[in-house]
Amino acid sequence: MIGIFDSGIGGLTVTKEVVASSDYQLLYLGDTARTPYGNRSQDLIYQFTVQAVDYLFKHGCQLIIIACNTASAEALRKIQQEWLPKNFPDRRVLGVIRPVVEVAAVESITGRIGVVGTRATVNSGAYDRELKQQKSSLKIFSQACPIVVPLVEEGLQNRPETMKFIRNCLRPLKAKKIDTLILGCTHYPLLFKKFKQAAGKSIKVLDTGKIVADKLTEYLVKHPEIETKLTKGKGHRFLVTDVTATFKENAQKWLGQDIKLEKIDLQ
Numbered sequence: 000m001i002g003i004f005d006s007g008i009g010g011l012t013v014t015k016e017v018v019a020s021s022d023y024q025l026l027y028l029g030d031t032a033r034t035p036y037g038n039r040s041q042d043l044i045y046q047f048t049v050q051a052v053d054y055l056f057k058h059g060c061q062l063i064i065i066a067c068n069t070a071s072a073e074a075l076r077k078i079q080q081e082w083l084p085k086n087f088p089d090r091r092v093l094g095v096i097r098p099v100v101e102v103a104a105v106e107s108i109t110g111r112i113g114v115v116g117t118r119a120t121v122n123s124g125a126y127d128r129e130l131k132q133q134k135s136s137l138k139i140f141s142q143a144c145p146i147v148v149p150l151v152e153e154g155l156q157n158r159p160e161t162m163k164f165i166r167n168c169l170r171p172l173k174a175k176k177i178d179t180l181i182l183g184c185t186h187y188p189l190l191f192k193k194f195k196q197a198a199g200k201s202i203k204v205l206d207t208g209k210i211v212a213d214k215l216t217e218y219l220v221k222h223p224e225i226e227t228k229l230t231k232g233k234g235h236r237f238l239v240t241d242v243t244a245t246f247k248e249n250a251q252k253w254l255g256q257d258i259k260l261e262k263i264d265l266q
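Residue 237 in numbering that gives the first Met the number 0 is what sits at position 238 of the sequence shown, and the numbering runs on without skipping anything.
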């Protein structure tokens, strides 16, 4: 079983693409009681992420995708290097930053790449570091757009002011003449069409969910020792730390199917 973790609903953008490209059984966990993570301290983000990863491993997951850019930026490396070897040495935890960065470095023609994300993700410098590792000549311009996550979580993505917020967020990046845009938060692809419209035809907006799903397929081909342990089937489960009507409505609309939410406690 593959675990997919996010602070809220955003990870469903990755879930949808993984479901479309494979037949592995998935266990989704959204920490809806404590979303958003973007304004939390690094220590608290790490604590919350470890609680979620530990829960998913103890409930049968062999591989976990941290489908939350904030958690990937602030907690993934420490989990991979310190926590995982001590607790679940035969399991794997992957993030969403590296896969997107690898594609962005190749796709950008001018080498001028924009990144939008939560304050925590932008302040961590994770995308800057990863992109520079891919190609040192790249010019990276980052912009925090903290208001987008609450809008999505509250189901307000179709309100007129949402487009205004997105345009304002992208204005500084467009002024830098970027040709590629990374949506550095898995909530943002829920507004992919709006970001694409606001970016304009000269900027390529990367589809984070599809990229992560494609890279997962490549990873499992290279790591049969993990792939052979994964269960297959359509019995996907969806766990949340707080059940809200908004989450269920948006999740069903995005996934195109009825889902049952199971409430759990991570503390």
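Virtual Cβ for every residue (Gly too), placed ideally from N, Cα, C.
Between residue i and residue j, how many whole angstroms is the CB-CB distance? I'm expecting something under 8 Å.
{"i": "Cys67", "j": "Asp127", "result": "At roughly 19 Å, the Cβ-Cβ gap does not stay under 8 Å, so Cys67 and Asp127 are not in contact."}
{"i": "Gln41", "j": "Glu73", "result": "5 Å"}
Quick check: the Cα distance between residue i and residue j, rounded to an integer number of angstroms?
{"i": "Thr230", "j": "Tyr23", "result": "6 Å"}
{"i": "Glu261", "j": "Val102", "result": "35 Å"}
{"i": "Ile108", "j": "Thr179", "result": "8 Å"}
{"i": "Leu55", "j": "Ala174", "result": "43 Å"}
{"i": "Glu224", "j": "Asp89", "result": "9 Å"}
{"i": "Glu16", "j": "Met0", "result": "16 Å"}
{"i": "Asp257", "j": "Tyr187", "result": "22 Å"}
{"i": "Thr245", "j": "Thr69", "result": "22 Å"}
{"i": "Arg91", "j": "Trp82", "result": "11 Å"}
Can you tell me which of the three DSSP states residue i falls into?
{"i": "Leu254", "result": "helix"}
{"i": "Gly7", "result": "coil"}
{"i": "Glu73", "result": "helix"}
{"i": "Tyr27", "result": "strand"}
{"i": "Thr230", "result": "coil"}
{"i": "Phe87", "result": "coil"}
{"i": "Val239", "result": "strand"}
{"i": "Thr207", "result": "helix"}
{"i": "Glu153", "result": "coil"}
{"i": "Lys221", "result": "helix"}
{"i": "Leu55", "result": "helix"}
{"i": "Leu130", "result": "helix"}
{"i": "Val121", "result": "helix"}
{"i": "Pro171", "result": "helix"}
{"i": "Thr161", "result": "helix"}
{"i": "Asn249", "result": "helix"}
{"i": "Ala244", "result": "helix"}
Is the separation between the beta-carbon of residue i and that of residue j shorter than 8 Å?
{"i": "Ala197", "j": "Arg166", "result": "yes"}
{"i": "Leu28", "j": "Gly2", "result": "yes"}
{"i": "Ala104", "j": "Lys138", "result": "no"}
{"i": "Lys193", "j": "Thr161", "result": "yes"}
{"i": "Leu172", "j": "Gly116", "result": "no"}
{"i": "Arg118", "j": "Gly183", "result": "no"}
{"i": "Val151", "j": "Leu190", "result": "yes"}
Have a look at the DSSP bridge pairing and note the partners of residue i.
{"i": "Ile139", "result": "Ile112"}
{"i": "Arg166", "result": "Bridge partners of Arg166: none, in fact."}
{"i": "Thr179", "result": "Ile112 and Lys203"}
{"i": "Gly2", "result": "Leu26 and Ile63"}
{"i": "Glu261", "result": "Leu238"}
{"i": "Leu93", "result": "Ile64"}
Return yes when at least one heavy atom of the ligand SAH lies under 7 Å from the C-beta of residue i, else no.
{"i": "Met162", "result": "By its list of ligands, the structure shown contains no ligand whatsoever, and the ligand SAH lies outside what it can speak to."}
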